[in-house]
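Undergrad: In order, the protein sequence lines correspond to chains A and B.
Position one of the first sequence corresponds to residue 1 (our numbering), numbered consecutively onward.
Position one of the second sequence corresponds to residue 1 (our numbering), numbered consecutively onward.
C-beta: ideal position from N, C-alpha, C; glycine also.
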Amino acid sequence: MSGVPLAAYLVLGLFMFMTGVVGVVIRRSPIVIFMCIELMLNAVNLTFLAFARYQFSPMVAGNSFREGQSAMAGQMMVIFVMAVAAAEVAVGLGIIMAIFRLRENIDIDEMNLLKG
Amino acid sequence: MSGFAITGELLFFAALAGLAMLSAVGVVAFNNAVRSALCLVLNFFVLAAIYFTLNAEMMGITQVVVYTGAIMVLFLFVIMLLNIGAPQLLSDKKDPKTAVGMTLGMVMFTLVALQVLPGLMSKTQPGAPNDYGSPVNVGRALFTGFIIPFEAVSILLLIGIVGSILLAKRRF
Numbered sequence: 001m002s003g004v005p006l007a008a009y010l011v012l013g014l015f016m017f018m019t020g021v022v023g024v025v026i027r028r029s030p031i032v033i034f035m036c037i038e039l040m041l042n043a044v045n046l047t048f049l050a051f052a053r054y055q056f057s058p059m060v061a062g063n064s065f066r067e068g069q070s071a072m073a074g075q076m077m078v079i080f081v082m083a084v085a086a087a088e089v090a091v092g093l094g095i096i097m098a099i100f101r102l103r104e105n106i107d108i109d110e111m112n113l114l115k116g
Numbered sequence: 001m002s003g004f005a006i007t008g009e010l011l012f013f014a015a016l017a018g019l020a021m022l023s024a025v026g027v028v029a030f031n032n033a034v035r036s037a038l039c040l041v042l043n044f045f046v047l048a049a050i051y052f053t054l055n056a057e058m059m060g061i062t063q064v065v066v067y068t069g070a071i072m073v074l075f076l077f078v079i080m081l082l083n084i085g086a087p088q089l090l091s092d093k094k095d096p097k098t099a100v101g102m103t104l105g106m107v108m109f110t111l112v113a114l115q116v117l118p119g120l121m122s123k124t125q126p127g128a129p130n131d132y133g134s135p136v137n138v139g140r141a142l143f144t145g146f147i148i149p150f151e152a153v154s155i156l157l158l159i160g161i162v163g164s165i166l167l168a169k170r171r172f
């Protein structure tokens with residue numbers, strides 16, 4: 001798409017990230033909080049891909065990163081973010097399951113075992 | 001930047017972006033966890049379409065397969081297993097947390113936008129070659145220049161598998 005400015009993609013990514021932040025702050029169900037974290041990760045992925053596509057790098061001159069490689073680096077970061085998100089979800093949902101088995105209640109405001 | 005031409009591409013992107021924003025708000029706003037999860041599925045599909053408009057085909061396919069295919073199925077599976085349906089909704093009390101969270105979000109949005117966007121407004125044309133996101137090019141980059149992070153991520157995934165099995169098996 002050539003008619004869309006880079007800033008449009010960045011505004012969309014920023015909006016999704018902030019929606020995720022607000023969700024993590026105001027919701028009380030740990031599963032929804034996990035979903036909001038996924039939302040934030042996806043917003044960052046969108047930003048990575050937009051920058052990779054538009055090749056915005058103010059220090060191209062004298063940069064050791066060659067032109068073609070900088071378009072690839074953004075996509076590689078997206079792949080790694082996806083892999084880390086998959087691992088995080090598997091372990092995090094396991095933790096939620098373990099907590100649920102322990103106390104039959106998953107209100108995040110009542111999880112204060114580590115309060116000391 | 002006042003001279004934006006309203007092209008068909010811009011309108012198409014605006015429709016996709018509006019749908020993505022609506023479904024993102026839906027994830028936070030719905031009280032039912034299943035509805036939040038379905039909104040998130042819609043959001044991931046729209047994001048995959050947006051990746052296609054960025055010519056990142058491989059990333060769009062991976063988005064559909066990994067996020068909507070694996071991660072969201074895991075989410076829905078856990079929601080069903082824990083039986084968090086309509087009967088035992090966590091009724092979100094009207095506490096000051098909501099107002100504080102919304103204010104925090106809006107303030108952060110404004111601050112980040114004011115800091116980041118002005119320097120980037122002039123960038124309207126893509127600079128990368130059109131086939132930069134094809135599976136051939138992504139695979140070549142992944143297995144040549146980025147082979148060490150790739151292996152590190154595979155070890156991380158292995159640890160994640162072992163950890164989740166351990167968490168699921170342990171008796172408390």
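Using a Cβ cut-off of 8 angstroms, pull out every chain B residue sitting near I96 of chain A, in sequence order please.
TA: Near I96 of chain A (Cβ distances below 8 angstroms), the residues of chain B are V78, L82.
Undergrad: So is G20 of chain A buried or exposed if we call it buried at 16+ other beta carbons inside 10 Å?
TA: G20 of chain A is buried by the Cβ-count criterion.
Undergrad: Could you round the C-beta distance between R28 of chain A and D109 of chain A to whole angstroms and report it? I think they count as a contact, below 8 angstroms.
TA: R28 of chain A to D109 of chain A, Cβ: 6 angstroms. Contact.
Undergrad: Less than 9 angstroms between CB atoms is the rule here; does P87 of chain B satisfy it with respect to chain A?
TA: Only weak support is given to the placement of P87 of chain B: the predicted model assigns it a pLDDT of 47, under 50, and the value that follows is read from those uncertain coordinates. Answer no: the Cβ-Cβ gap between P87 of chain B and chain A never drops below 9 angstroms.
Undergrad: Would you say V27 of chain B lies against chain A (beta-carbon separation less than 9 angstroms)?
TA: Judged by the 9 angstroms Cβ criterion, V27 of chain B is in contact with chain A.
Undergrad: Quick one: using the 10 Å Cβ neighbour count with 16 as the cut-off for buried, is S23 of chain B buried or exposed?
TA: Buried.
Undergrad: According to the Cβ coordinates, are R145 of chain A and A141 of chain B closer than 9 angstroms?
TA: Residue 145 of chain A is absent from the model: chain A starts at 1 and stops at 116.
Undergrad: How is the alpha helix (DSSP H) around G160 of chain B delimited, first residue to last?
TA: Unbroken alpha helix (DSSP H) run through G160 of chain B: 147 to 169.
Undergrad: Would DSSP call P87 of chain B helix, strand or coil?
TA: Summary for P87 of chain B: the model assigns pLDDT 47, below 50, so the residue's position carries little reliability, and this model does not support an answer.
Undergrad: What did DSSP end up calling E9 of chain B once you bin it into helix, strand or coil?
TA: If DSSP states are grouped into helix, strand and coil, E9 of chain B belongs with the helices.
Undergrad: Taking beta-carbon pairs under 9 angstroms, can you tell me which members of the segment 25 to 47 of chain A lie near chain B?
TA: From the segment 25 to 47 of chain A, only V25, I26, R27, R28, S29, I31, V32, F34, M35, C36, E38, L39, N42, A43, N45, L46 have a Cβ closer than 9 angstroms to chain B.
Undergrad: With distances taken Cα to Cα, identify the nearest neighbour of I155 of chain B among A:A83, A:M40, A:M97, A:D107.
TA: For the residues A:A83, A:M40, A:M97, A:D107, the minimum Cα distance to I155 of chain B belongs to A:A83.
Undergrad: Starting from S36 of chain B and walking both ways along the alpha helix (DSSP H), at which residues does that stretch end?
TA: Taken as a continuous stretch (DSSP letters only), the alpha helix (DSSP H) holding S36 of chain B covers 33 to 53.
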